[in-house]
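To start, the structure under review is shown below, and the notes come after it.
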Amino acid sequence: MKQIQWYPGHMAKARRLIEEKLKIIDVVFEIVDARIPESSRNKAMDNIIKNKARILILNKSDLADKEITNKWLDYYDKQEIDYVVCNSLNDKNIDRVYNKTISVLNHLHQNDIDKGKTKRKFKAMVIGVPNVGKSQFINNLSEKNKVKTGNIPGITKSQSFIKAKKDLLLFDNPGVLWPKFETKEQAFKLAVVGTIKDELLPLDEVCIFAIKYLRSHYPKVIENRYNFTINKDMHEIDILDKIGIKRGALMAGKEIDYDRVFNLFLYDLRNGVLGELSFERPE
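Residue numbers (this note's numbering): 378 to 660.
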């Protein structure tokens, strides 16, 4: 497979601006997809953020396998990484995010008190790869639809400060990917959950990767959703054929309409129809 690249101009510009704006930022909220928390982290940001306070936000937790998420939390506890688990589609994240922020930045808060200064509004920079829910996270914390959202990568194109509740100022950024993905597996994980655009990888290969993973880690979810039995000799293409027949994704000659099958299957997988799934584990 050819080296996959996706680094539009606005991402390169965003990276430069992130470096510039960090000087006035108190804490970085790094949004990741809880289903692939490490694969959806942009490791290139480590060299930019360096020692700046950072809180890992495991978003879309409602779509992730809770047992696997708990294993990730144990892992991050051992790594002494601050985190908050959330689902930014609901409004129950504000207090948890704010309380964790106060905990991480308590030294700044106490310093203001000691100097008799007015309580500051903490400035938080929101970063993350495309389509991990940054804009919805910001709207949730600001309790207003101030940022355009959508379930496709690359909605946010510019940077802006947004006033949130609880004395927080949020600095929004476009999703920033690294110039090249290091491994095919990482690229497929990002594609499976919809973090990179569907045009970047062949959808048949993305679906086959997902089905292989599900057969290994969640062997019954496909059977339960599409109501057919998978035997050990079935190839992943045979499974896609069965899904196409069950979902009526057929062309006039009753041949399988694979484009429809790929999109139907990925929609079900990405939106929780197949159940709560995680596509990587700490081990």
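Every residue gets a Cβ at the ideal spot worked out from N, C-alpha and C, and that includes glycine. Keep in mind that this is a model prediction, so the values were computed, not measured.
On the CB-based measure, 16 or more other CB atoms within 10 Å of its CB, does residue i come out buried or exposed?
| i | result |
| --- | --- |
| Lys609 | exposed |
| Asn528 | Low confidence applies here, because Asn528 scores a pLDDT of 44, under 50, leaving its location unreliable and the question unanswered by this model. |
| Val650 | exposed |
| Met502 | buried |
| Glu600 | exposed |
| Lys631 | exposed |
| Arg392 | buried |
| Met628 | exposed |
| Gly625 | exposed |
| Tyr603 | buried |
| Ile490 | exposed |
| Gly510 | buried |
| Ala421 | exposed |
| Tyr644 | exposed |
| Val524 | Low confidence applies here, because Val524 scores a pLDDT of 45, under 50, leaving its location unreliable and the question unanswered by this model. |
Anyone know if the C-beta pair for residue i and residue j falls short of 8 Å?
| i | j | result |
| --- | --- | --- |
| Leu578 | Ser417 | no |
| Met435 | Tyr460 | Met is not the amino acid found at residue 435; the sequence shown has Leu there. Closer than 8 Å, so yes. |
| Lys542 | Ile432 | no |
| Ser546 | Phe538 | In the sequence under discussion, the amino acid at residue 546 is Leu, which differs from the Ser named in the question. The answer is yes: Cβ separation under 8 Å. |
| Phe605 | Lys589 | no |
| Ile401 | Ile425 | no |
| Thr560 | Asn508 | no |
| Ile620 | Phe656 | no |
| Ser593 | Asn517 | no |
| Tyr595 | Leu646 | no |
| Asp352 | Lys496 | Outside the shown range of the chain, which is 378 to 660, sits residue 352, and nothing can be said about it. |
| Ser519 | Lys540 | yes |
| Asp618 | Ile633 | yes |
Thinking just about the alpha-carbon of each residue, which of the options is nearest to the one in residue i?
| i | options | result |
| --- | --- | --- |
| Ala411 | Lys437, Arg431, Tyr460 | Lys437 |
| Arg658 | Asp442, Ile515, Asn517 | Asp442 |
| Gly505 | Val474, Pro414, Lys494, Lys448 | Pro414 |
| Ile458 | Ala430, Asn467, Leu440, Gln513 | Ala430 |
| Lys597 | Gly652, Lys398, Asp549, Phe514 | Gly652 |
| Glu397 | Phe548, Lys494, Gln487 | Phe548 |
| Leu591 | Leu580, Val569, Asp575 | Val569 |
| Leu580 | Val638, Phe499, Lys511 | Val638 |
| Leu440 | Cys463, Asp454, Asn428 | Cys463 |
| Leu399 | Asp636, Lys500, Glu660, Asp454 | Lys500 |
| Lys469 | Gln563, Asp636, Glu660, Ile515 | Ile515 |
| Asn419 | Lys492, Ala564, Asn467, Asp451 | Ala564 |
Which residue or residues does DSSP assign as beta-bridge partners of residue i?
| i | result |
| --- | --- |
| Asn648 | Paired residue(s): none; Asn648 is not in a bridge. |
| Lys540 | Leu546 |
| Glu407 | Leu433, Ile504 |
| Val462 | Leu435 |
| Ile622 | Paired residues: none, contrary to the question. |
| Leu627 | Ile633 |
| Phe499 | Leu545 |
Does the Cβ of residue i lie closer than 7 Å to at least one heavy atom of the ligand PLP?
| i | result |
| --- | --- |
| Asn424 | In the structure shown, the ligand PLP is absent, as is every other ligand, since no ligand is present at all. |
Exercise for review: Spell out a yes or no on whether the segment 580-594 and the segment 605-621 are touching, meaning 3 or more CB-CB pairs, one atom from each, closer than 8 Å.
Suggested key: yes
Review point. Quick check: the segment 467-487 against the segment 394-407, are there 3 or more CB pairs under 8 Å?
Key: yes
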